[in-house]
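Below is one structure, written out as structure tokens, with a few remarks after it.
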Amino acid sequence: MRFKDRNDAAQRLLPLLNKYRNEQGIVLAVPRGGVPIAHPIAKAYNLPLELLMTKKIGHPAHAEYAIGAVSLEDHIVDEQFNIPQVYINTEVNRIRESLKERYKFFMGNHKPLSLENKVVIIIDDGIATGNTILSSIKMLRRRKPKKIVVAVPVASSDASEKIKKEVDDFICLYTPEPFIGVGLHYIDFTQVSDEEVIRLLKDANRFENAA
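In terms of the numbering used here, the sequence shown is numbered consecutively and its last residue is 207.
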């Protein structure tokens, strides 16, 4: 299966999310690639569109190896690595400041909405390992949503199995075997610009961005 572009993927996901039409919900897009998919979904079901701002904490000896993750409000660390707390604290503060700057750049002075008792729908353009989304889900649970839903056009079977165990609903159009990369399943996988993200967020939410 190949999608023409992210909008095509969104249109194919739309009917599978119809069951949440009358729910109190929030769409959380993974920037930047998830935003063009989340935008028509949020518009169709009249849901607010927010950004899922999460970034991994890298191992001090191997920065690419994740030992945890940070969001705007929370963080999570895998205790098995026995990393010094001073390193964790420094990285959490550094990463959170970076996330806050990015959020303000995209969303202006708009404050993140409460997720309590809401159906939270996480949207991305595809999932390879799923590690960052899994960390995000664990942090989001602490904010007491009614349900957590992950909806993506394509994902690896390994990531799909892991995510299914952690969410209330997992919607995925295609789990290819073998899985090589997300971009291979789009004819047009052009990188999404910051400007497009801002435009789509403003259109979905009707707020003025400071950027």
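Backbone N, C-alpha and C fix where the C-beta goes; we use that ideal spot for every residue, glycine too. As the structure is a computational prediction, the values presented were derived from the model and not from experiment.
{"Query": "If we ignore side chains and look at the alpha-carbon of each, how far apart do Ile84 and Leu169 end up?", "Result": "37 Å"}
{"Query": "Is Leu130 closer than 9 Å to Ile159 when the C-beta atoms are compared?", "Result": "yes"}
{"Query": "The ligand FMN and Ala62: does the residue's C-beta get closer than 8 Å to at least one heavy atom of that ligand?", "Result": "Looking for the ligand FMN in the displayed structure turns up nothing, as the structure carries no ligands at all."}
{"Query": "Do you know how far the Cα of Asp121 is from the Cα of His181?", "Result": "10 Å"}
{"Query": "Go through the segment 142 to 192 residue by residue and report every complete run of the alpha helix (DSSP H) that reaches 4 residues or more, in order.", "Result": "153 to 160"}
{"Query": "Expressed to the nearest angstrom, what Euclidean distance is found between the alpha-carbon atoms of Thr125 and His58?", "Result": "18 Å"}
{"Query": "Between the segment 94 to 108 and the segment 144 to 159, can you find at least three pairs of beta-carbon atoms closer than 8 Å?", "Result": "no"}
{"Query": "Which partner residues of Ser67 appear in the DSSP bridge assignment?", "Result": "Thr50"}
{"Query": "Does the pairing of the segment -1 to 6 with the segment 24 to 37 give three or more beta-carbon distances under 8 Å?", "Result": "yes"}
{"Query": "Which of the three DSSP states is assigned to Val26 in this structure?", "Result": "coil"}
{"Query": "Assign Leu45 to one of three DSSP states: helix, strand, or coil.", "Result": "strand"}
{"Query": "The alpha helix (DSSP H) with Ile118 in it runs from where to where?", "Result": "Here Ile118 belongs to no alpha helix (DSSP H); instead the beta strand (DSSP E) covers Val115 to Ile119."}
{"Query": "Can you tell me whether Ala206 is buried or exposed, with buried defined as 16 or more other CB within 10 angstroms of its CB?", "Result": "At Ala206, the pLDDT of 40 sits below 50, so the modelled position is not reliable; the number obtained from the coordinates is stated separately. Per the 10 Å Cβ criterion, exposed."}
{"Query": "In this structure, what does DSSP give as the bridge partners for Val73?", "Result": "Gly64"}
{"Query": "Please report the distance separating the alpha-carbon of Val188 from that of Arg28.", "Result": "6 Å"}
{"Query": "Where does the unbroken alpha helix (DSSP H) through Pro11 begin, and where does it stop?", "Result": "That residue, Pro11, is in no alpha helix (DSSP H); it is neither H nor E in DSSP."}
{"Query": "What first and last residue would you give for the alpha helix (DSSP H) that runs through Lys96?", "Result": "Gln81 to Met103"}
{"Query": "So the alpha helix (DSSP H) Pro36 belongs to, where does it begin and stop?", "Result": "Val31 to Ala40"}
{"Query": "For Lys114, which residues from the same chain have a beta carbon less than 7 Å from its beta carbon, with the 5 sequence-adjacent residues on both sides left out?", "Result": "Gln20, Gly21, Ile22, Pro141 and Lys142"}
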